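Colleague: Below you will find the structure I want to go over with you.
There are 2 protein chains.
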Amino acid sequence: MSPRQPAPLDPHRVEASGAFVEVFSLEPFQSGALDGLCFTVKDNIHIGGHRTSFGSPAWRDSHPAPLRNAICVDQLLAAGATCVGKVVADEFTYSLDGENPFYGTPLNAKAPDRIPGGSSSGSASSVACGLADFSLGTDSGGSIRVPASLCGVWGMRPSLHRISEAGVLPFMPSVSTVGVVAADFEILRRVMTLLLRTGDETTVPMERIVLLDDAFAVADGPVREAAERAIGELATRAGIALERASFSDIVGREMTLSACNEEALRNLQTMEFENTVGDWIEGHRPELGFAFSMAYGNVKSFDRGQAMASLALCESLFREINRFFRAGTIVCFPTTPTVAPLRDSLDRPQSVWDFYGRTMTTTSFSGTGRLPEIAAPLLSVDGCPVGLSFAAAHYEDAFLLKALGDLLSV
Amino acid sequence: MSPRQPAPLDPHRVEASGAFVEVFSLEPFQSGALDGLCFTVKDNIHIGGHRTSFGSPAWRDSHPAPLRNAICVDQLLAAGATCVGKVVADEFTYSLDGENPFYGTPLNAKAPDRIPGGSSSGSASSVACGLADFSLGTDSGGSIRVPASLCGVWGMRPSLHRISEAGVLPFMPSVSTVGVVAADFEILRRVMTLLLRTGDETTVPMERIVLLDDAFAVADGPVREAAERAIGELATRAGIALERASFSDIVGREMTLSACNEEALRNLQTMEFENTVGDWIEGHRPELGFAFSMAYGNVKSFDRGQAMASLALCESLFREINRFFRAGTIVCFPTTPTVAPLRDSLDRPQSVWDFYGRTMTTTSFSGTGRLPEIAAPLLSVDGCPVGLSFAAAHYEDAFLLKALGDLLSV
Numbered sequence: 348m349s350p351r352q353p354a355p356l357d358p359h360r361v362e363a364s365g366a367f368v369e370v371f372s373l374e375p376f377q378s379g380a381l382d383g384l385c386f387t388v389k390d391n392i393h394i395g396g397h398r399t400s401f402g403s404p405a406w407r408d409s410h411p412a413p414l415r416n417a418i419c420v421d422q423l424l425a426a427g428a429t430c431v432g433k434v435v436a437d438e439f440t441y442s443l444d445g446e447n448p449f450y451g452t453p454l455n456a457k458a459p460d461r462i463p464g465g466s467s468s469g470s471a472s473s474v475a476c477g478l479a480d481f482s483l484g485t486d487s488g489g490s491i492r493v494p495a496s497l498c499g500v501w502g503m504r505p506s507l508h509r510i511s512e513a514g515v516l517p518f519m520p521s522v523s524t525v526g527v528v529a530a531d532f533e534i535l536r537r538v539m540t541l542l543l544r545t546g547d548e549t550t551v552p553m554e555r556i557v558l559l560d561d562a563f564a565v566a567d568g569p570v571r572e573a574a575e576r577a578i579g580e581l582a583t584r585a586g587i588a589l590e591r592a593s594f595s596d597i598v599g600r601e602m603t604l605s606a607c608n609e610e611a612l613r614n615l616q617t618m619e620f621e622n623t624v625g626d627w628i629e630g631h632r633p634e635l636g637f638a639f640s641m642a643y644g645n646v647k648s649f650d651r652g653q654a655m656a657s658l659a660l661c662e663s664l665f666r667e668i669n670r671f672f673r674a675g676t677i678v679c680f681p682t683t684p685t686v687a688p689l690r691d692s693l694d695r696p697q698s699v700w701d702f703y704g705r706t707m708t709t710t711s712f713s714g715t716g717r718l719p720e721i722a723a724p725l726l727s728v729d730g731c732p733v734g735l736s737f738a739a740a741h742y743e744d745a746f747l748l749k750a751l752g753d754l755l756s757v
Numbered sequence: 348m349s350p351r352q353p354a355p356l357d358p359h360r361v362e363a364s365g366a367f368v369e370v371f372s373l374e375p376f377q378s379g380a381l382d383g384l385c386f387t388v389k390d391n392i393h394i395g396g397h398r399t400s401f402g403s404p405a406w407r408d409s410h411p412a413p414l415r416n417a418i419c420v421d422q423l424l425a426a427g428a429t430c431v432g433k434v435v436a437d438e439f440t441y442s443l444d445g446e447n448p449f450y451g452t453p454l455n456a457k458a459p460d461r462i463p464g465g466s467s468s469g470s471a472s473s474v475a476c477g478l479a480d481f482s483l484g485t486d487s488g489g490s491i492r493v494p495a496s497l498c499g500v501w502g503m504r505p506s507l508h509r510i511s512e513a514g515v516l517p518f519m520p521s522v523s524t525v526g527v528v529a530a531d532f533e534i535l536r537r538v539m540t541l542l543l544r545t546g547d548e549t550t551v552p553m554e555r556i557v558l559l560d561d562a563f564a565v566a567d568g569p570v571r572e573a574a575e576r577a578i579g580e581l582a583t584r585a586g587i588a589l590e591r592a593s594f595s596d597i598v599g600r601e602m603t604l605s606a607c608n609e610e611a612l613r614n615l616q617t618m619e620f621e622n623t624v625g626d627w628i629e630g631h632r633p634e635l636g637f638a639f640s641m642a643y644g645n646v647k648s649f650d651r652g653q654a655m656a657s658l659a660l661c662e663s664l665f666r667e668i669n670r671f672f673r674a675g676t677i678v679c680f681p682t683t684p685t686v687a688p689l690r691d692s693l694d695r696p697q698s699v700w701d702f703y704g705r706t707m708t709t710t711s712f713s714g715t716g717r718l719p720e721i722a723a724p725l726l727s728v729d730g731c732p733v734g735l736s737f738a739a740a741h742y743e744d745a746f747l748l749k750a751l752g753d754l755l756s757v
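One line per chain: the protein sequences are L and P, in this order. Oh and the first sequence: position 45 is 392 in my numbering, straight run, nothing missing. Oh and the second sequence: position 9 is 356 in my numbering, straight run, nothing missing.
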């Protein structure tokens, strides 16, 4: 197999993964930094000549196929990578669990009785199943980080808007970000460096790692302990002192990370979702899945007038979070507070609330700070994978990639 | 007239302005910081229950009316302002001249035989005609700054993505920004502070004003001289020393601002426009205006493979430009290199090329740097208005507003 022509995917393994919406092969435009790598694309990112579903057959059927690839897809093809297919997204990408009533639940290869997480479910699944070296996804409230954590693969949500969103379906414009799931750190680093165009950036050395107390506190005990042990060992080997800080310490005001999610970020997300997907749903009355219908009920009863205070709070918190990050700072915490829930277990309000409430509390840190965050598959609890997350200041994507490479290779 | 209930617009003045697509009155949700102010909205920003045309009847007729207002509209209504109508945009907002073949050419009130500039033509016109205190617009390649300059009103393009784009038609996702045209600086400051939510930000004092040589060099002689005289007087009164720098000095490499536009920003803009508007046009074959058809011909022959180098260059230049801005720095230059061309004079390739080439060279500085820029109506050449621009570092919007307020009030 030459580096430019990866082998076709095995149809049986594709079928077993449940990750694919379509299998095809888009050859690279030319040779480049990603020669020999294969990737999949989440089904809210355009591929010319193929309809985009947004995780919804109704959306798919009412929108023509785009003519052009999203810019992020073209960046990869122009760098030598081969696109091997489109992969499942949660319905309108508005979920963190990966159970799509229309397109199915992609396999969580390392914990087959458990959900893969979403909404970039097919991205994480296709990579964890060994069917792609990496996958393009999107992340607004954790949609790359959560499935990466639950499937035990690498994931990076870069700083907000660092990658072009041309050709990506609009979702939550102040929050949504294109990012990557990858099979190993080296692939993640190569692909992100290409997409972010960070080649000529200089970076400072890592000087401190700060453990985010609030995220540790909402995690299950075994996840918390595994995370503390892993980061403790890495820091000791690297000779870097660990610090701890609460969200209040970081932003310099009395506020928990949970309040940051509930009072600030979530309202911005809901409000923006109303403008993009909500307007389309009201105008088209498509068939909706049960879980989405339930979640969307909350959107419909949302008070936009009240959300203005949340908009202002998001902006203040963004500045405060980034003021905390002096040069060389990394903040570390469990990517998700739990391992993947069992399939079909998110069927009661209590279990949904527990999973979403604690998970979105955790993911709201980088969401509000517009931070680059890498979910590293370094933890294992009861045989199930969980990610350990590393976040850096807004726009310090190159530093984060370099610092994590150094930390892992010591 | 109470501050909450502005008088209805005079139909004769509305008609004479040619600026409006629809006249109506959206009452504020409540009293607030913008009590008593009236605003118009560019016709690529959603107002619930009213179709959005994007400057194209074909677009308007094939898209249902949005149900909800764009978030930026709701921010203003929630702060006490009244929306008095939708105003003309250039066809697909893809122009800087303000001559829309379907919706007409809004009046340039201070130079009635001249074009208003675009694509936020109706925004600048409605404010310059005294029919609104301010207007919401968008700016990707100068679409707020250019009409503000040519119509003699205030305009601000804030830092990229500082204002929510939910409910604004996608255009060039890595470049497009919501901003404001206003009748005076005090209104601009109040409205921008509200939209940007900068109330609690601390700012440093202005320490230096740097004249951008490349932008002065492409300006007509009288514009250049008027700009130098005006900034000279302001700086002297404020006791601030002026410096000069070429674009090469700023980015630390051999590159003109013209090359920045042609080799970097323009290709990113074209590529993103292909994904948003281009795809829709190819799929729907709508009736197109002559000038747009000509411009779009260049888009269709665009080589996306070659544009990858431009993407990388944009990212490097963004970092280099912002590295130049140490705390307290303002960069100053003429907003446009010319006064408004005469109406119907942009009918030969040479005149189009001259107007667009020099204008987009000038506007590419803040576009590439993702900088906040304020166009101040401080210059007059042969009785026609021209703007003087002030730009600050990315995200230093609050500093720019404060520094300019100080400079003008000394």
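We put the CB at the ideal spot given by N, CA and C, even for glycine. Just so it is clear, the structure is predicted and the values come from calculations on it, not from any experiment.
By DSSP, does ARG351/L sit in helix, in strand, or in coil?
Modeller: Here residue 351/L refers to the residue found at position 4 of the first sequence. Residue confidence for ARG351/L is low, a pLDDT of 49 falling below 50, so the modelled location carries little weight and cannot support an answer.
Colleague: List the residues that DSSP assigns as beta-bridge partners of MET627/L.
Modeller: Here residue 627/L refers to the residue found at position 280 of the first sequence. Position check: residue 627/L holds Trp in this sequence, whereas Met was assumed. Answer by DSSP bridge pairing: none, since TRP627/L is not bridged.
Colleague: Just list the residues that DSSP pairs ARG504/P with in beta bridges.
Modeller: Working through the second sequence from its first residue, we reach residue 504/P at position 157. GLU720/P.
Colleague: Give me the residue from GLY636/L, GLU662/L, THR706/L, LEU726/L with the minimum Cα distance to TRP406/L.
Modeller: For the purposes of this step, residue 406/L is taken as residue 59 along the first sequence, with counting starting at 1. Of the listed residues, the one whose Cα sits closest to TRP406/L is GLY636/L.
Colleague: Quick one, are the C-beta atoms of LEU454/L and PRO463/L less than 8 Å apart?
Modeller: One-based indexing of the first sequence puts residue 454/L at position 107. One-based indexing of the first sequence puts residue 463/L at position 116. Against a cut-off of 8 Å, the Cβ pair of PRO463/L and LEU454/L comes out as a contact.
Colleague: At 7 Å on the CB atoms, spell out the chain L contacts of ASP382/P, in chain order.
Modeller: By 1-based counting over the second sequence, the position of residue 382/P is 35. Residues of chain L passing the Cβ test: none, with the nearest at roughly 15 Å.
Colleague: With a cut-off of 8 Å, does the C-beta of ILE721/P fall near any C-beta of chain L?
Modeller: As a first step, residue 721/P must be located in the second sequence, where it is residue number 374. Chain L contact via Cβ: absent.
Colleague: Please report the straight-line C-alpha distance between VAL435/P and ARG461/L, rounded to a whole angstrom.
Modeller: On the second sequence, position 88 is the one that residue 435/P refers to. On the first sequence, position 114 is the one that residue 461/L refers to. About 53 Å.
Colleague: Give me, in chain order, the residues of the same chain whose beta-carbon lies closer than 6 Å to that of VAL361/L; leave out the 5 immediate sequence neighbours on both sides.
Modeller: Counting from one through the first sequence, the residue named residue 361/L turns up at place 14. Only PHE367, VAL370 meet the Cβ criterion.
Colleague: Which same chain residues, not among the five before or five after SER506/P, have their C-beta less than 8 Å away from its C-beta?
Modeller: In the second sequence, counting from the first residue as 1, residue 506/P sits at position 159. Counting only Cβ-Cβ distances below 8 Å, and skipping sequence neighbours, we find THR524, ARG717, LEU718, PRO719, HIS741, TYR742, GLU743, ASP744.
Colleague: Just the C-alpha distance for ASN614/P and THR710/P, rounded to the nearest angstrom, thanks.
Modeller: Within the second sequence, numbered from 1, the residue matching residue 614/P stands at position 267. Within the second sequence, numbered from 1, the residue matching residue 710/P stands at position 363. Going from the Cα of ASN614/P to the Cα of THR710/P covers about 15 Å.
Colleague: Starting from LYS433/P, trace the beta strand (DSSP E) both ways and give me its first and last residue.
Modeller: On the second sequence, position 86 is the one that residue 433/P refers to. Run containing LYS433/P: 429-434, per the beta strand (DSSP E) assignment.
Colleague: In or out: GLU580/L buried (at least 16 other Cβ within 10 Å) or exposed?
Modeller: On the first sequence, residue 580/L is found 233 positions in, with the first residue counted as 1. Classification of GLU580/L: exposed, given that the 10 Å Cβ count is below 16.
Colleague: I want to verify the contact list: residues of chain P whose CB lies under 7 Å from the CB of ASP626/L, in sequence order.
Modeller: Within the first sequence, the letter at position 279 stands for residue 626/L. PRO413, LEU414, ARG415, listed in chain order.
Colleague: Whole angstroms are fine: how far does the CA of ALA426/P sit from the CA of GLU533/P?
Modeller: For this step, residue 533/P is matched to residue 186 along the second sequence. For this step, residue 426/P is matched to residue 79 along the second sequence. So the two alpha carbons sit approximately 16 Å from each other.
Colleague: In terms of residues, what are the limits of the alpha helix (DSSP H) holding GLY644/P?
Modeller: Residue numbering aside, residue 644/P sits at position 297 when the second sequence is read from its first letter. From DSSP, the alpha helix (DSSP H) with GLY644/P extends over 637-647.
Colleague: Select from the stretch 630-664 of chain L all residues with a C-beta closer than 9 Å to any C-beta belonging to chain P, and list them in chain order.
Modeller: Result list: GLY630, HIS631, ARG651, GLY652, ALA654, MET655, LEU658, ALA659, LEU660, CYS661, GLU662, SER663.
Colleague: Are the C-beta atoms of GLN422/P and some chain L residue less than 8 Å apart?
Modeller: On the second sequence, position 75 is the one that residue 422/P refers to. Cβ-Cβ to chain L under 8 Å: yes for GLN422/P.
Colleague: Counting only runs that start and end within the stretch 542-591 of chain L, where is the beta strand (DSSP E) found for 3 or more residues in a row?
Modeller: Entirely contained in the stretch 542-591 of chain L, the beta strand (DSSP E) runs reaching 3 residues are, in chain order, 555-559.
Colleague: Using C-beta distances below 7 Å, list every residue in its chain close to PHE439/L, excluding the 5 sequence neighbours before and after it, in chain order.
Modeller: Here residue 439/L corresponds to residue number 92 of the first sequence, with the count starting at 1. Contacts found: PHE401, GLY402, SER403, VAL624, PHE639.
Colleague: Consider the Cβ of GLY514/P: report whether some Cβ of chain L lies at a distance smaller than 8 Å.
Modeller: The residue you call residue 514/P lines up with position 167 of the second sequence. Output row for GLY514/P: interface = yes.
Colleague: Which first and last residues belong to the beta strand (DSSP E) in which GLY396/L is found?
Modeller: Here the question's residue 396/L lines up with position 49 in the first sequence. Taken as a continuous stretch (DSSP letters only), GLY396/L belongs to no beta strand (DSSP E), as it is neither H nor E.
Colleague: So, does the CB of MET602/L fall closer than 8 Å to a CB anywhere in chain C?
Modeller: Here chain C cannot be found, since the structure's protein chains are L and P.
Colleague: Decide if SER349/P is buried, meaning its Cβ has at least 16 other Cβ atoms within 10 Å, or exposed.
Modeller: Working through the second sequence from its first residue, we reach residue 349/P at position 2. Residue placement at SER349/P cannot be trusted, given a pLDDT of 43 that sits under 50; the coordinates are not used to answer.
Colleague: So, are the CB atoms of LEU497/L and VAL686/L less than 8 Å apart?
Modeller: The count along the first sequence starts at 1 and reaches residue 497/L at position 150. The count along the first sequence starts at 1 and reaches residue 686/L at position 339. Taking 8 Å as the Cβ cut-off, LEU497/L and VAL686/L qualify as a contacting pair.
Colleague: Could you run through the stretch 479-513 of chain L and flag, in chain order, every residue whose CB is less than 7 Å away from some CB of chain P?
Modeller: Correct list: HIS508, SER511, GLU512, ALA513.
Colleague: In whole angstroms, what is the alpha-carbon distance linking HIS397/L and LEU356/L?
Modeller: Against the first sequence, residue 397/L aligns to sequence position 50. Against the first sequence, residue 356/L aligns to sequence position 9. Using only the alpha carbons, I get a separation of about 19 Å.
Colleague: So who's on the other strand from ALA738/L, going by DSSP bridges?
Modeller: For this step, residue 738/L is matched to residue 391 along the first sequence. In the DSSP output, where bridge partners are listed per residue, ALA738/L has VAL678/L, GLU720/L.
Colleague: Within 10 angstroms of its Cβ, does ASN645/L collect 16 or more other Cβ (buried), or is it exposed?
Modeller: In the first sequence, counting from the first residue as 1, residue 645/L sits at position 298. When all chains shown are included, ASN645/L counts as exposed.
Colleague: Considering only DSSP beta bridges, list what ARG461/L is partnered with.
Modeller: Numbered from 1 along the first sequence, position 114 holds the residue referred to as residue 461/L. In the DSSP output, where bridge partners are listed per residue, ARG461/L has LEU689/L.
Colleague: Measure how close the beta-carbons of ALA428/L and LEU384/L come, nearest whole angstrom, since I'm counting them as under 8 Å.
Modeller: Taking the first sequence and counting its residues from 1, one reaches residue 428/L at position 81. Taking the first sequence and counting its residues from 1, one reaches residue 384/L at position 37. Contact flag correct, Cβ pair sits at about 5 Å.
Colleague: Please confirm whether VAL500/P and ALA530/P have their CB atoms less than 8 Å apart.
Modeller: Translated into the one-based positions of the second sequence, residue 500/P becomes position 153. Translated into the one-based positions of the second sequence, residue 530/P becomes position 183. Cβ distance < 8 Å, so VAL500/P and ALA530/P count as in contact.
Colleague: Using a Cβ-Cβ cut-off of 6 Å (strictly less than) and excluding sequence neighbours within five positions of PRO732/P, which residues of its own chain qualify?
Modeller: Here residue 732/P refers to the residue found at position 385 when the second sequence is read from its first residue. Counting only Cβ-Cβ distances below 6 Å, and skipping sequence neighbours, we find LYS457, GLY499, PRO724.
Colleague: Contact defined as beta carbons within less than 8 Å: I believe SER490/L pairs with SER466/L. What is the distance between those atoms, to the nearest angstrom?
Modeller: Locating residue 490/L in the first sequence gives position 143, counting from the first residue. Locating residue 466/L in the first sequence gives position 119, counting from the first residue. About 4 Å; that satisfies the 8 Å criterion.
Colleague: So, with DSSP's three-state summary, where would you put ASN669/P?
Modeller: As a position in the second sequence, residue 669/P is number 322, starting the count at 1. Residue state, collapsed to three classes: helix.
Colleague: For the putative contact between GLY432/L and THR387/L, defined by C-beta atoms under 8 Å, what is the C-beta separation to the nearest angstrom?
Modeller: Position 85 of the first sequence, counting from 1, holds the residue named residue 432/L. Position 40 of the first sequence, counting from 1, holds the residue named residue 387/L. Correct: roughly 5 Å between the Cβ atoms.
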